[in-house]
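Read in order, the letters of the sequence shown correspond to residues -18 to 81 in the numbering used here.
Every residue, glycine too, gets a C-beta built ideally from N, C-alpha and C.
All of these numbers come straight from a predicted model, not from anything done at the bench.
Notes follow the structure.
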Amino acid sequence: MTEPPRPPADYNPGPPPASNLAWGIVAAIICLPFGIVSIFQAAKVERLWAQGDPDAARGAAGAARRWAIIGAVVGVVFWVALVAGGVLLLGTLLDDAASH
């Protein structure tokens, strides 16, 4: 198995892209499955950048951001639906109890 080529010693593409790890953690709190994917992608950013693969690092950063947004949206929709369903169920139970 051959090792991937290393960048030249004077290779300096600048600072790595933002990994979006914090957004992945927030997404994991709101919606665990999508947040885990986001955290996994965010963890790859620094390693890929250090290996001299800036395009893959940018791709991983973008994927981390995308999964964090998906997780946040799905999580908010889920929790709003759960709370609304609970309120409706509680209201129905209280109405039934009051009418008897």
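Proximity of residue i and residue j at Cβ, strictly below 8 Å
{"i": "glycine 16", "j": "alanine 24", "result": "no"}
{"i": "leucine 29", "j": "alanine 41", "result": "yes"}
{"i": "cysteine 12", "j": "valine 68", "result": "no"}
Beta-carbon separation (whole angstroms), residue i vs residue j, contact threshold 8 Å
{"i": "tryptophan 4", "j": "arginine 46", "result": "7 Å"}
Residue i versus the options, residue with shortest Cα-Cα distance
{"i": "proline -3", "options": "Val7, Ala31, Thr(-17)", "result": "Ala31"}
{"i": "isoleucine 26", "options": "Ala62, Ile50, Asn1", "result": "For the record, residue 26 in the displayed sequence is valine; it is not isoleucine. Nearest of Ala62, Ile50, Asn1 to valine 26, Cα basis: Asn1."}
{"i": "isoleucine 50", "options": "Ile6, Pro(-6), Asn(-7), Gly33", "result": "Ile6"}
{"i": "glycine 33", "options": "Thr(-17), Phe21, Ile20, Gly(-5)", "result": "Gly(-5)"}
{"i": "asparagine -7", "options": "Ala62, Ala65, Leu75, Pro35", "result": "Pro35"}
{"i": "glycine 52", "options": "Pro14, Ala(-1), Ala37, Ser80", "result": "Pro14"}
Residue i, enclosing alpha helix (DSSP H) - first and last residue
{"i": "glycine 33", "result": "Counting along the chain, glycine 33 falls outside any alpha helix (DSSP H), and DSSP gives it neither H nor E."}
{"i": "alanine 8", "result": "2 to 11"}
Assigned exposure category for residue i - 16 Cβ within 10 Å defines buried
{"i": "tryptophan 48", "result": "buried"}
{"i": "valine 18", "result": "buried"}
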